[in-house]
Structure formats: structure tokens, C-alpha cells
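A quick write-up on the structure given underneath.
2 protein chains.
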Amino acid sequence: MVKAHPALLVEESDIECLLGYNLKRAYMIVRDDYRKQVEQSVLSPRAFSVLTLIVESSGLTQSAVARQLGIERSGLVAIIDDLEARGLAERRAVPGDRRAQALMATEAGHDLHAQILARVHAHERALLASLDPAEQAQLLTLLRKFRSAHERDEAQ
Amino acid sequence: MVKAHPALLVEESDIECLLGYNLKRAYMIVRDDYRKQVEQSVLSPRAFSVLTLIVESSGLTQSAVARQLGIERSGLVAIIDDLEARGLAERRAVPGDRRAQALMATEAGHDLHAQILARVHAHERALLASLDPAEQAQLLTLLRKFRSAHERDEAQ
DNA sequence: CAGATATTGTTACATTAGTAAACAGTATTG
DNA sequence: CAATACTGTTTACTAATGTAACAATATCTG
Chain A
35 MVKAHPALLV
45 EESDIECLLG
55 YNLKRAYMIV
65 RDDYRKQVEQ
75 SVLSPRAFSV
85 LTLIVESSGL
95 TQSAVARQLG
105 IERSGLVAII
115 DDLEARGLAE
125 RRAVPGDRRA
135 QALMATEAGH
145 DLHAQILARV
155 HAHERALLAS
165 LDPAEQAQLL
175 TLLRKFRSAH
185 ERDEAQ
Chain B
35 MVKAHPALLV
45 EESDIECLLG
55 YNLKRAYMIV
65 RDDYRKQVEQ
75 SVLSPRAFSV
85 LTLIVESSGL
95 TQSAVARQLG
105 IERSGLVAII
115 DDLEARGLAE
125 RRAVPGDRRA
135 QALMATEAGH
145 DLHAQILARV
155 HAHERALLAS
165 LDPAEQAQLL
175 TLLRKFRSAH
185 ERDEAQ
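What follows is the structure, encoded as C-alpha cells:
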């Protein structure tokens, strides 16, 4: 019943087979590397994802961004404040709706985004080098398939 | 619009193709579901992983557990305190080393672990139902392969 | 053997992320 | 018009995570 094995590396432990545990550990690896390679200079993972979104589809409202990223509107405020203070993005009035703010990346925002994106691609490419190309594609595909199956209800 | 760096081929939608982003979103889904299905009554994901480890290999030291789980020793103290206060685990003196504490799950600890593990398996099975069995296995395999390629250096 | 160096569990502190609730202003709906 | 829902925002609260130091103990090195 009770295993009294000497301390060896657990390869077949219960948690090692759990999806949640593996996702978290894998994410930690990527996040730590991102911090080492990219963030020290500029943007947190969150801020980068926000900037990416408004670079790609200019004019999105704050609520729309929060919804797409799965974060709270309240959490977005500080991020936008920061991006705006650094001259990377702007809030602009929305013609039809006086509540909403449309988000636009500035010239500097576009530049920085392109620059960070290149670094992110490099760092992910390096991390993924441990998998062969087919496996890399499959991992991404499976993660996105998993996500899309579950982000329907809560996403909006 | 002008890129500061030589333009790479931009694949599809930017963040959706990033490993880190997909890992985080996927983990969020699993964690939120865990909280709904399991935690509300008892153990946080972390505490559960700790309990699992000391149930599986009794006598592990706190440092060993922290190392294996990739968390800080300092973060473990409160978790062990809590497990001990609930009568789920114990700290015991280690014969050879008067600094270390050996961790053992109590009878109640074993029971609760088995009970939670069953619930965790059920909740993961439900979440993974969106993938076919081959895909489920592949996702787990790829995540573990990715982890094992990167947890060598920092693991100790 | 002694002194330097490492390791163990622990505490304290800072930083952050994420949650939750409420707010005024505005839009929408019936 | 009244009720309801949505926008951005503020505030507070919890929980997580990282950092640094500490005393006690162990190990290593010369």
C-alpha cells in the first residue's frame, strides 16, 4: 500500500499523467524563458498579447479585447494605461457609443510589437527544437482544438 | 505599419500561433474546471500535487518535494502546515539528517488523496472528451516530451 | 581537524495575478 | 418612460510567486 521507495525521479507518478499538471509545468517553462529572453526589456506576456491584438485589429474596444483574451475588463485598465503612457497605444472615442474606447496602436506601438514578436518567435523556436517539426505542429493543433472546444460558453 | 526589423513571413493570426499563449489558455480552462469540480471542498491544485507526491513516495523531504514540483521551498511550508493541521500529512525526523523533515501521508491523507484523484480523473476525462483517444494520448505525450527536454538544468 | 561553503526548513516582504464588487455614465429594450 | 444591460473605471481582497535572509546543520577542502 505505502511505497517506501528511495527518492528516485518520478516518471510514472499519478500527477505526471494529469493534463492540468503538464500544462502548467509546460507553461512555466515557456513563461520563464520569455522573461529571460524578452520581457526584461519591455512588455509582460499580458501586455504583449494586448498590444498584439490591437495591432492586428485596430479599433477594438476594451471590453472586446478583454473578452478575446479571457481576462477581466478591470485588469485591462492598468495595461492600457501603461501602453498609453509609453506612447505605444491610444484610447479614442467611438463614434456611435460614448461609453466605449477604441484602442489603436501608435507608430511606436507597431514597431515595438514587430520587434518583440520577432524575439518571441525566436525564443519559441528554440524551446520547440526539442520536438520535431511534425510534433510541433501537432502540439499547437491539439492545444487550439482543445481550447476551441471549451471557450465557447464562457467566452461570451 | 512599418516594421523595424526585416519582415518574416507572418503566419496566420499572431498570438493564436504562439505556444505560450495556447498553453496558458488551455491551462486556465483546466484549472477553472478543477476549481468548480474539485477544489471548492478541499485542496488547491498545488496542495493536491504535494499530497499526491508524498502519498506515492513516502518519506520525501520538503526540499525534494519542492524540487520535483518545481516550486520554492518557502512556498511549500504553508502547504505542509495546512496538510498537517488537517491531519492529512506529518513531518517526521530524518535519521541521518537533523535539518530535514520527512513527509508522510496519514491514513486520512491516503483516503482523501484517492478520493480527489478519482474526481480529478473524471473532470479531466470530461474535458478531454473534445479530443479523440489518440489525440488525448498524443497531447499528453507531447507535453511530457517538451517538459523533459527542459526540466533537466533547473530541476536541480 | 578547521574553516569555508551548501543545504534544510523557516520567516518576512514585495510583487503580481486574478476575483469580486461597486460606481457613474451611457445605451438598449419593452 | 422605466427597467435592464453594458462601458470603463476604481477599490479591495485573495492567492500565488519570487527574493532574500536566518539559524541550524551538513559537507567539502585544504
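Chains A and B, in that order, are what the protein sequence lines are. For the first sequence, the numbering used here assigns the number 190 to the last residue and increments by one with no breaks. For the second sequence, the numbering used here assigns the number 190 to the last residue and increments by one with no breaks. Glycine included, each C-beta is placed from N, C-alpha and C at the ideal position.
Task: Buried versus exposed, by CB contacts within 10 Å (16 or more), ALA123(A) - done: buried
Open item on the list: Helix, strand or coil for LEU185(A)? Go by DSSP, reduced to three states.
Closed with: Here residue 185(A) turns out to be Glu, not Leu, going by the sequence shown. Of the three classes helix, strand and coil, the one that applies to GLU185(A) here is coil, per DSSP.
Open item on the list: Under 8 angstroms, Cβ to Cβ, is there at least one residue of chain A near ALA60(B)?
Closed with: yes
Open item on the list: Buried or exposed, going by whether 16 or more other CB atoms sit within 10 Å of the CB of VAL111(B)?
Closed with: Sixteen is the threshold: since fewer than 16 other Cβ atoms of the shown chains lie within 10 Å of the Cβ of VAL111(B), the residue is exposed.
Task: Same chain, Cβ closer than 8 angstroms to ILE161(A), neighbours up to 5 away in sequence not counted - done: Reading off the sequence shown, one finds Leu at residue 161(A), where the question assumed Ile. Hits under 8 angstroms: ILE63, VAL64 and ASP67.
Open item on the list: I'd like to know whether the C-beta of GLY54(A) is nearer than 8 angstroms to at least one C-beta of chain B.
Closed with: For GLY54(A), the answer is yes, since a Cβ of chain B falls inside 8 angstroms of its Cβ.
Open item on the list: I'd like to check one pair, LEU177(B) with ALA134(A): are the Cβ atoms closer than 8 angstroms?
Closed with: no
Task: Residue-level contact to chain A via CB, ASP131(B), 8 angstroms cutoff - done: Contact of ASP131(B) with chain A is not assigned, every C-beta pair being separated by 8 angstroms or more.
Open item on the list: Let me see if you follow: with CB-CB separation under 8 angstroms, is ASP48(A) close to chain B or not?
Closed with: Closer than 8 angstroms: yes.
Task: Buried versus exposed call for PRO129(A) [16 or more other C-beta atoms within 10 Å across all chains shown] - done: Exposed, by the Cβ-count rule.
Task: CA-to-CA distance, LYS70(A) to ALA4(B), given in whole angstroms - done: Residue 4(B) falls outside the range modelled here, since chain B spans only 35 to 190, and no answer is possible.
Open item on the list: Would you say GLU106(A) lies against chain B (beta-carbon separation less than 8 angstroms)?
Closed with: no
Open item on the list: Taking 8 angstroms as the threshold (beta carbon to beta carbon), is GLU158(B) in contact with chain A?
Closed with: yes
- [ ] Compute the distance between the beta-carbons of GLY143(B) and LEU103(B), then report whether it is under 8 angstroms.
- [x] no
- [ ] Have a look at the DSSP bridge pairing and note the partners of MET62(A).
- [x] Answer is none; MET62(A) lacks a bridge partner.
TODO: Just mark ARG159(A) as buried or exposed, buried being the case when its beta carbon has 16 or more other beta carbons within 10 Å.
DONE: exposed
Open item on the list: On the criterion of 16 or more Cβ atoms from any shown chain inside 10 Å, does GLY109(A) qualify as buried, or is it exposed?
Closed with: exposed
Open item on the list: Could you compute how far the alpha carbon of ALA127(A) sits from the alpha carbon of GLU50(B)?
Closed with: The alpha-carbon separation between ALA127(A) and GLU50(B) amounts to approximately 28 angstroms.
Open item on the list: Quick check on this structure: which residue in SER92(B), VAL76(B) and ASN56(B) has the alpha carbon closest to the alpha carbon of ARG125(B)?
Closed with: SER92(B)
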